[in-house]
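Working notes, structure below.
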Amino acid sequence: MAGEERTSLGSGEPGLDVITIGRSSVDLYGQQIGTRLEDVGSFAKSVGGCPTNIAVGTARLGLKSGLVTRVGNEQMGRFIREQLEREGVDVKGVATDPARLTALVLLSVEAEGVSPMIFVRTDCADMALDEGDIDEAHIASARAIVVTGTHFSKPNSEAAQKKAIRIARANGRKVVFDIDYRPNLWGLAGHEAGFERYVASDVVSQKYKSVLADCDLIVGTEEEVLIASGESTLLAALKTIRALSQAVIVLKRGPMGCIVYDGAIPDDLEKGIVGKGFPIEVYNVLGAGDAFMSGFLRGWLRGEPHAVSATWANACGAFAVSRLLCAPEYPSWEELSYFLANGSKEKALRRDAALNHLHWATNRRRHYPRLMALAIDHRSQLEAIAGDKADRIPAFKALAVEAAGRVAGDREGFGMLLDDKYGRDALFASTKYQKFWIGKPIELPGSRPLQFEFSQDVGSRLVEWPVDHCIKCLCFYHPDDEPELKRVQTEKLRTAYEAARKIGRDILVEIIAGKNGELREDTIARALTELYAAGIKPDWWKLEPQKSEAAWTALDAVIAANDPWCRGVVLLGLDAPQDELEKGFEAAQAAKAVKGFAVGRTIFADAAKAWFAGTMNDEDAVADMAARFGALVGIWERVAGPVKA
Ligand SMILES: Nc1ncnc2c1ncn2[C@@H]1O[C@H](COP(=O)(O)OP(=O)(O)OP(=O)(O)O)[C@@H](O)[C@H]1O
Ligand SMILES: O=C(O)C[C@@H](O)[C@H](O)C(=O)CO
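Going by the UniProt record's numbering, 548 is the number at position 548 of the sequence shown; the sequence numbering is gapless.
Structure follows, in structure tokens:
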């Protein structure tokens, strides 16, 4: 068998590796495990649909992917488009259907392998895909296309996929077929049977058979291979497919992995190239096939031996099965490589802290090579300034948002720290600035040992936060503190960190050591080393200015050694005058990890004092804060130079 041959790809220089074609949906999967769909209390939302998942999965693995589909002209359609963009998927082929709604899928995990599912897809946008949506130059711009089974179920979408196949072949591109059989979407099973995997149908078999000859790679489960051939045994099915097509055939076998057939089908099916499945604990089986295809394509499209592609595919499938959702759970290339090199001690991969960290950190969607934030999450300090006018603190914070917005304009790299106690108006005002990074405190102001504000059950509070808001937790931690105090504070920080990871939010840990001990050259480096040793790997650190460049170099080394994926460090201000901050900004340039600053009182304290005293009006307060923030931004941009991507 010519199993170890490398594939040769089409001529020309395509810009994309792969374009996937077919359905796109918003997946709403129940967050409670072991329950009927009837009883689910809350749903997690993500993009879904076989080709959409594969577009995301391949992008995460480093391929350049694009999707051809239709979405509705509404918020869910926009969510799919925006999420794909965040994932780095080309959306040139994503059309907006003016009349139809985006498809939805509802699912619950009732038991192992039992996931009741409802497709809400009556006359939905993606099924209206037609030949007009298939642009010749666009299709020819990819080395391969992936057509998917469901879109052969309607004449218009079938014509669209067949047009794409013709273009791909005419341009020497590869055609991949994901059989992706959902009987329910062919009208062969009822609304409540969305999870049904097999209903024999001559109509479906004839449609599928008509595609096989044009394919270079065909991927399906045992049931899918049966339906694609119209046969009733696996051996006969594979032989029928082989008689119609010279494609590489990949048979997916759930926990057993897969078998690849490149050439004649052996009578003993185990004589294909067997890729073993990874022994993991099953969480939700749905979405495994699309993850599998993503892994296989990364290998196949880069000319790897089939055995290698199969291993990558099985590992990606295992990741999907061991986590709840589809696309959001697929691994990045770094994560997959780590898993293949190191394995996991956890059968339930979702409990592996190293993998979880890599998953989180290497699939981040927004990047901040620079972050300059106006911090006004102050509570006790503003209460002191406001005196008996504390009820006006929210209005003042909203003015600070206007000031920051005036400085930032439409630029990237700006943000604010705002709080839940007085910052509601400001938070609503900040939605006007979609590019703002927003951080919100969870610490009880001034607490040492660290306590959370409002409730010690921080996890349930975070559920209410927008998904892109960053948790900020200030801890007055000094490495020379009493061991018991350090133990208690570290535990509390770990609680915050674990909640952040569980709920899926960034976390910024602010360490202030200088208020409770001497701030020596190595103080912060020691503090960070201790916190890393306790398993705390925050997305951001917010740190005091250091006395010397050497202190920053040491800090840089600690971060690089413990968490090369850390987003970076922002400097805090501690009410220092501007010229002092400037010196701090300059010294900090010695550390690559330093990305900017989050400064508060230097910017707002004077305006706040005058505004609460009634000697400054709203507009002047905004102008004053904008001038001071703008000045710090100017200093940072001068000392740090242009943003390095
Ligand atoms: N229980 C499992 N343990 C380990 N790996 C698995 C398990 N289930 C699936 N996989 C991996 O995922 C791949 C695809 O799974 P499966 O055969 O269930 O495909 P599928 O039915 O197309 O998936 P989907 O649920 O997305 O439609 C398998 O070939 C295997 O690599
Ligand atoms: O469309 C489906 O089959 C269900 C989706 O929820 C899911 O994203 C998927 O496509 C899995 O293959």
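From the three backbone atoms N, C-alpha and C, an ideal C-beta is built for every residue, glycine too.
Since the model is a prediction, treat every value here as computed from it, not as a measurement.
Cutoff 6 Å; reference E112; Cβ partners in own chain excluding five residues on either side: To locate residue 112, count along the sequence shown from 1; it is residue 112. Cβ neighbours of E112 beyond the five flanking positions: V282.
8 Å CB neighbourhood of P116 in its chain, flanking five on each side removed: Translated into the one-based positions of the sequence shown, residue 116 becomes position 116. Within the same chain, P116 has close Cβ partners R36, L37, L107, S108, E110, E192, G194 and F195.
Please list the terminal residues of the continuous alpha helix (DSSP H) segment that includes W565. The count along the sequence shown starts at 1 and reaches residue 565 at position 565. Unbroken run through W565: none, as it is neither H nor E.
Element boundaries [alpha helix (DSSP H), containing K174]: Translated into positions along the sequence shown, residue 174 becomes position 174. Looking at the DSSP string, K174 is not in any alpha helix (DSSP H); the run it does join, the beta strand (DSSP E), is K174 to D178.
What are the complete beta strand (DSSP E) segments, minimum 3 residues, inside the stretch 42 to 104? 43 to 48, 65 to 72 and 94 to 97
For the alpha helix (DSSP H) holding F597, just list the boundary residues, first then last. Taking the first residue of the sequence shown as position 1, residue 597 is located at position 597. Premise fails: F597 lies in the beta strand (DSSP E), V594 to V599, not in any alpha helix (DSSP H).
To which residues of the same chain is K276 closer than 6 Å at the C-beta, ignoring the five residues directly before and after it? For the purposes of this step, residue 276 is identified with residue 276 of the sequence shown, where counting begins at 1. Closer than 6 Å at the Cβ level, and outside the excluded window around K276, lie G257.
Confirm the yes/no value for this check: CB of S430, any heavy atom of ligand 4, distance under 7 Å. For ligand 4, the structure offers nothing, since it holds only ligand 1 and ligand 2.
Under the three-state reduction of DSSP, which class applies to S210: helix, strand or coil? Looking up residue 210 in the sequence shown gives position 210. Reduced to three states, the DSSP call for S210 is helix.
Run the proximity test for T58: is its beta-carbon closer than 7 Å to any non-hydrogen atom belonging to ligand 1? What you label residue 58 is simply residue 58 of the sequence shown in a count that begins at 1. No.
Within the chosen definition, does the stretch 558 to 576 reach the stretch 590 to 598 through at least 3 CB pairs nearer than 8 Å? yes
Alpha-carbon to alpha-carbon, D290 and A341: Taking the first residue of the sequence shown as position 1, residue 341 is located at position 341. Taking the first residue of the sequence shown as position 1, residue 290 is located at position 290. Taking the straight line joining both Cα atoms gives about 23 Å.
What does S245 pair with, by DSSP beta-bridge criteria? As a first step, residue 245 is located in the sequence shown; it is residue number 245 there, counting from the start. S245 pairs with nothing; no bridge assigned.
Helix, strand or coil: how does DSSP classify V643 here? By one-based count along the sequence shown, residue 643 stands at place 643. V643: coil per DSSP, three-state reduction.
Less than 8 Å between the beta carbons of A140 and N184, yes or no? Position 140 of the sequence shown, counting from 1, holds the residue named residue 140. Position 184 of the sequence shown, counting from 1, holds the residue named residue 184. Cβ distance not < 8 Å, so A140 and N184 don't count as in contact.
Assign R487 to buried or exposed, taking buried as 16 or more other Cβ atoms, counted over all protein chains shown, within 10 Å of its Cβ. Position 487 of the sequence shown holds residue 487. Flag for R487 reads exposed.
Length of the line joining the Cα atoms of M293 and F428: Position 293 of the sequence shown, counted from the first residue, corresponds to residue 293. Position 428 of the sequence shown, counted from the first residue, corresponds to residue 428. Whole-angstrom Cα-Cα distance: 42 Å.
Is it buried or exposed, L235, if we count other Cβ atoms within 10 angstroms and call 16 or more buried? The residue labelled residue 235 in the question sits at position 235 within the sequence shown. Exposed, because fewer than 16 other Cβ atoms sit within 10 Å of the Cβ of L235.
Compare the beta carbon distance of V443 and F452 with 8 Å and say whether it is the shorter of the two. By one-based count along the sequence shown, residue 443 stands at place 443. By one-based count along the sequence shown, residue 452 stands at place 452. Strictly speaking, residue 443 in this sequence is Glu, with Val absent from that position. Cβ distance < 8 Å, so E443 and F452 count as in contact.
Rounded separation between A361 and E87 - CA only: Taking the first residue of the sequence shown as position 1, residue 361 is located at position 361. Taking the first residue of the sequence shown as position 1, residue 87 is located at position 87. Near 13 Å, if we compare the C-alpha coordinates of E87 and A361.
Using the beta-carbon count (16 or more within 10 Å), is K542 buried or exposed? Translated into the one-based positions of the sequence shown, residue 542 becomes position 542. Counting Cβ neighbours within 10 Å, K542 comes out buried, since at least 16 surround it.
In whole angstroms, give me the CA-to-CA distance for I626 and G287. For the purposes of this step, residue 626 is taken as residue 626 along the sequence shown, with counting starting at 1. For the purposes of this step, residue 287 is taken as residue 287 along the sequence shown, with counting starting at 1. The residue you asked about is not Ile; residue 626 is Ala in the sequence shown. Going from the Cα of A626 to the Cα of G287 covers about 48 Å.
At what residues does the alpha helix (DSSP H) containing G405 begin and finish? For the purposes of this step, residue 405 is taken as the residue at position 405 of the sequence shown. Segment I393 to A408, the alpha helix (DSSP H) holding G405.
State yes or no: is the C-beta of A310 within less than 8 Å of the C-beta of L349? Stepping through the sequence shown from its first residue, residue 310 is reached at position 310. Stepping through the sequence shown from its first residue, residue 349 is reached at position 349. No, these two residues do not count as a Cβ contact at 8 Å.
Could you give the residue range of the alpha helix (DSSP H) that holds L485? In the sequence shown, counting from the first residue as 1, residue 485 sits at position 485. It spans P483 to I503 - the alpha helix (DSSP H) in which L485 sits, taken as one unbroken run.
Compute the Euclidean distance between the alpha carbons of S42 and P449, then round it to the nearest angstrom. Here residue 42 refers to the residue found at position 42 of the sequence shown. Here residue 449 refers to the residue found at position 449 of the sequence shown. Taking the straight line from one Cα to the other gives about 35 Å.
Proximity test, V285 beta-carbon vs ligand 1 heavy atom, cut-off 7 Å: The count along the sequence shown starts at 1 and reaches residue 285 at position 285. Checking the Cβ of V285 against ligand 1 gives yes.
Would DSSP call A587 helix, strand or coil? Sequence index remark: in the sequence shown, residue 587 carries index 587 (1-based). DSSP places A587 in helix when its eight states are reduced to three.
On the CB-based measure, 16 or more other CB atoms within 10 Å of its CB, does E5 come out buried or exposed? As a working mapping, residue 5 is identified with position 5 in the sequence shown. At E5, the pLDDT of 33 sits below 50, so the modelled position is not reliable and the matter cannot be decided from this model.
Where the beta strand (DSSP E) containing D17 begins and where it ends: Mapped onto the sequence shown, residue 17 falls at position 17. Run containing D17: L16 to I21, per the beta strand (DSSP E) assignment.
Which stretch, first to last residue, makes up the alpha helix (DSSP H) that contains R143? Locating residue 143 in the sequence shown gives position 143, where the first residue counts as 1. Here R143 belongs to no alpha helix (DSSP H); instead the beta strand (DSSP E) covers A142 to T148.
In chain order, which continuous runs of the alpha helix (DSSP H) of length 4 or greater are located wholly inside the stretch 508 to 550? 523 to 533
For the alpha helix (DSSP H) holding P441, just list the boundary residues, first then last. Against the sequence shown, residue 441 aligns to sequence position 441. Careful: P441 lies outside any alpha helix (DSSP H), inside the beta strand (DSSP E) at W437 to P441.
Going along the chain, which residues of its own chain have a beta-carbon closer than 8 Å to the beta-carbon of P394, five neighbours each way excluded? By one-based count along the sequence shown, residue 394 stands at place 394. Here the set comprises Y422, G423, R424, D425 and A426.
The beta strand (DSSP E) with I26 in it runs from where to where? For the purposes of this step, residue 26 is taken as the residue at position 26 of the sequence shown. Strictly speaking, residue 26 in this sequence is Val, with Ile absent from that position. Taken as a continuous stretch (DSSP letters only), the beta strand (DSSP E) holding V26 covers S25 to G30.
DSSP three-state label for G10, please. Your numbering for residue 10 matches position 10 in the sequence shown. Model confidence at G10 stands at a pLDDT of 43, short of 50, so the residue's coordinates are unreliable; what they give is reported in the following sentence. Note: G10 maps to coil in three-state DSSP.
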